[in-house]
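In order, the protein sequences belong to chains A and B. Here my numbering runs 839 ahead of the position in the first sequence, where the first position is 1. Here my numbering runs 839 ahead of the position in the second sequence, where the first position is 1. C-beta atoms are modelled at their ideal positions from N, C-alpha and C, and glycine is treated no differently. Below is one structure; the comments refer to it alone.
Protein chains: 2
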Amino acid sequence: MDKFIAHILVVDDDDGIRSLVKRYLNDNNFLVTTADSAENASEKIKIVKFDLIVLDIMMPGKNGLEFIQDHKKKMDTPVILLTAKGEASERVQGLEIGADDYLPKPFDPKELVLRIKNILDKTIKIKQKRIIEFESVKIDLNKLLIIKSGKEFKINNTEKIILEKMINTPGKTFSREHIGQLIELDKERSIDVIITRLRKKIEIDPKNPKFLQTIRGAGYVLWIE
Amino acid sequence: MDKFIAHILVVDDDDGIRSLVKRYLNDNNFLVTTADSAENASEKIKIVKFDLIVLDIMMPGKNGLEFIQDHKKKMDTPVILLTAKGEASERVQGLEIGADDYLPKPFDPKELVLRIKNILDKTIKIKQKRIIEFESVKIDLNKLLIIKSGKEFKINNTEKIILEKMINTPGKTFSREHIGQLIELDKERSIDVIITRLRKKIEIDPKNPKFLQTIRGAGYVLWIE
DNA sequence: CTATAATTTAAAAAAATTTCACACATGGTA
DNA sequence: TACCATGTGTGAAATTTTTTTAAATTATAG
Chain A
840 MDKFIAHILV
850 VDDDDGIRSL
860 VKRYLNDNNF
870 LVTTADSAEN
880 ASEKIKIVKF
890 DLIVLDIMMP
900 GKNGLEFIQD
910 HKKKMDTPVI
920 LLTAKGEASE
930 RVQGLEIGAD
940 DYLPKPFDPK
950 ELVLRIKNIL
960 DKTIKIKQKR
970 IIEFESVKID
980 LNKLLIIKSG
990 KEFKINNTEK
1000 IILEKMINTP
1010 GKTFSREHIG
1020 QLIELDKERS
1030 IDVIITRLRK
1040 KIEIDPKNPK
1050 FLQTIRGAGY
1060 VLWIE
Chain B
840 MDKFIAHILV
850 VDDDDGIRSL
860 VKRYLNDNNF
870 LVTTADSAEN
880 ASEKIKIVKF
890 DLIVLDIMMP
900 GKNGLEFIQD
910 HKKKMDTPVI
920 LLTAKGEASE
930 RVQGLEIGAD
940 DYLPKPFDPK
950 ELVLRIKNIL
960 DKTIKIKQKR
970 IIEFESVKID
980 LNKLLIIKSG
990 KEFKINNTEK
1000 IILEKMINTP
1010 GKTFSREHIG
1020 QLIELDKERS
1030 IDVIITRLRK
1040 KIEIDPKNPK
1050 FLQTIRGAGY
1060 VLWIE
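Printed below as a string of structure tokens:
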């Protein structure tokens, strides 16, 4: 599951929470922008399209619910509300208005991350390439199938793992060590054998690899188109 | 889909909450059954297949989290946890274990209804998938029948349980262990046999499975499109 | 051109899966 | 109840797939 980085806007007037959340989300591989008020947030969403907004309800000036009301119609960005404890009625309002989730304070940042991932999974179907075609070769990671000039070859699990990675970063050299870690194998010669087998399946002329090439001293690359 | 009435199990040791929730859900057109303990709930889910479970975490005897752990593997019923306020870590645990949502106490029954509807919307559709067709194969879990190129094969209970799960998450790999838990069998070779028999029924060429594939070292996947 | 290092390949070994044949249970029927 | 027919689970053998090893080949630097 390679490298889609979600951009998240964190809106809270409390500096402490803002920086805590920011740091935590950063560590979890999100790209984070913050705003200290609803007004400020409104500016930012005009400029950047975020993948998700984490929004405190209680803020001086416009509060979180008002922010949602202002923007929900035009915006399809999912929102997670942060509510002070016991604000049951506000939670209800928030959900009715169109928040996608809420998190009662105090919360465990871990939970925030869980919730965010949960929602992102639903909304952005992390679009990974799973079916690619080049020349007369088609690789279908769903059906675990390679079709080369009409002939079918099955992809096994090991091969799937390697192809998944390589397909999503074509042109990147993968060291044997790296590949070994992916498939939990540490004998380097064994990696070679796996590559050879893969070549038989994806290369038109396996002895002269065009797509899955060796980088001597460094590893292997997949070159598509 | 006209008038599907969801059957909900409410599990809480507190009489007050139980009856409050029951009444409120009843008023909102749900069919409600209650249980005053995890043990009691375990009995009931053996007998009735609920559409959703509302589960208090804090209970004497087994608590809610334990209940989920006991049943999650075999059960695909969604669970909403009721947590006392501030139980941040338990919420996290609950979500990690596989609860679908939680509601911090004190809560507004209105919110509970919102959350329930929300989850049911997501799950009901999926649960409905009981008849599927791909290529020249039709699987009908209602009639317990597979029709492959005109020929009929009966589905037995074991197979039904497995297919039910696999059909609803095509592309997901099911380990033998997982399948074993579903059908209460712990000999791994026996699982293989069951798969072989299933293949005879659903595969056009059982020796070269296209739909029900082996993921060596990991288990089996169903790929339908 | 040669020596050396790195990669490829083929074949053996190991591991995992499939299949077979039988045993046991279940339910129907005489 | 005894008998069969059918379906399901099990262990073991057969098969298939994957990993390892080692030999052969190819590339590179001097």
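I1054 (chain B) versus chain A: which residues are under 7 Å apart at the beta carbon?
N996
Buried or exposed, going by whether 16 or more other CB atoms sit within 10 Å of the CB of T1008 (chain A)?
exposed
Find the nearest neighbour of V893 (chain B) within the set B:E950, B:V931, B:E1064, judged by alpha-carbon distance.
B:E950
State the Cα-Cα distance for the pair Q1052 (chain B) and I1001 (chain B), rounded to the nearest angstrom.
14 Å
Helix, strand or coil for I965 (chain A), going by three-state DSSP, please let me know.
Low confidence applies to I965 (chain A): its pLDDT is 48, below 50, so where it sits in the model is not reliable, and the reading given next is rough at best. Three-state DSSP puts I965 (chain A) in coil, outside helix and strand.
Please classify F843 (chain B): is it buried, with 16 or more other beta-carbons within 10 angstroms of its beta-carbon, or exposed?
Exposed.
Could you list which residues in chain B have their beta carbon closer than 9 Å to that of D895 (chain A), in chain order?
The premise fails here: D895 (chain A) is roughly 16 Å from chain B at the closest Cβ pair, so nothing lies under 9 Å.
Do A877 (chain A) and M898 (chain A) have their C-beta atoms within less than 8 Å of each other?
Closer than 8 Å, so yes.
Please check the pair T922 (chain B) and P943 (chain B), which I expect to be a contact at CB under 8 Å, by giving their CB distance rounded to whole angstroms.
5 Å
What are the start and end residues of each continuous alpha helix (DSSP H) run of 4 or more residues lying completely inside the segment 974-1038 of chain B, in chain order?
996-1007, 1015-1022
Per-residue burial, K888 (chain A) [other beta carbons within 10 Å of its own, 16 or more giving buried]:
Per the 10 Å Cβ criterion, exposed.
Proximity of L983 (chain A) and K1004 (chain A) at Cβ, strictly below 8 Å
no
Should T1035 (chain B) be labelled buried (16 or more other beta-carbon atoms within 10 Å of its own) or exposed?
exposed
Nearest chain B C-beta to P943 (chain A) closer than 8 Å, yes or no?
yes
Cα-Cα separation, L891 (chain B) to V918 (chain B)
6 Å
Closer than 8 Å, CB to CB, is I965 (chain A) near chain B or not?
With a pLDDT of only 48 at I965 (chain A), under 50, the local geometry of the prediction cannot be trusted, and no value is derived from it.
Helix, strand or coil: how does DSSP classify A874 (chain B) here?
strand
Within 10 angstroms of the Cβ of Q1020 (chain A), are there 16 or more other Cβ atoms? Answer buried if so, exposed if not.
exposed
Interface residues of chain A facing D960 (chain B) [CB-CB closer than 9 Å]
None at all; the shortest Cβ gap to chain A is about 12 Å.
Go ahead and label I1041 (chain B) buried or exposed: buried means 16 or more other beta carbons lie within 10 angstroms of its beta carbon, across all protein chains shown.
buried
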